[in-house]
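Numbering (the numbering used here), first residue to last: 10 to 80.
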């Protein structure tokens with residue numbers, strides 16, 4: 010069906026998506042695998058800036074991927 014073909018095309022294109030959040034792909038359960046970043050807002054003089062502290066969860070996948078029957 011067109012829905013199945015569309016879903017397959019989106020999933021295969023996942024690695025090619027240019028995300029402002031960094032690397033991105035779809036997992037076997039169709040949920041994203043992506044980095045989660047830690048930020049801190051800091052007041053510097055009269056300006057407020059955002060500084061990245063690190064990437065505590067690189068290539069993070071959701072907790073239910075092992076329970077999902079979608080492959």
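We put the CB at the ideal spot given by N, CA and C, even for glycine.
Bear in mind that the values here come from a model prediction, so they are computed numbers and not experimental data.
Chain C within 9 angstroms of residue i, Cβ atoms only
i          : result
residue 48 : The displayed structure is made up of one protein chain only, and chain C is not part of it.
Pairwise C-alpha distance: residue j and residue i
i          : j          : result
residue 52 : residue 67 : 27 angstroms
residue 32 : residue 44 : 7 angstroms
residue 29 : residue 55 : 27 angstroms
residue 17 : residue 46 : 28 angstroms
residue 62 : residue 11 : 43 angstroms
Identity of the residues DSSP links to residue i by a beta bridge
i          : result
residue 42 : 34
Option in the options with minimal Cα separation from residue i
i          : options           : result
residue 73 : 56, 37 and 50     : 37
residue 64 : 76, 49, 56 and 58 : 49
residue 75 : 16, 39, 59 and 58 : 39
residue 69 : 58, 41 and 79     : 41
residue 23 : 13, 35, 14 and 15 : 35
Reduced DSSP category for residue i - H, G, I as helix; E, B as strand; rest coil
i          : result
residue 66 : strand
First and last residue of the uninterrupted alpha helix (DSSP H) at residue i
i          : result
residue 17 : 11 to 22
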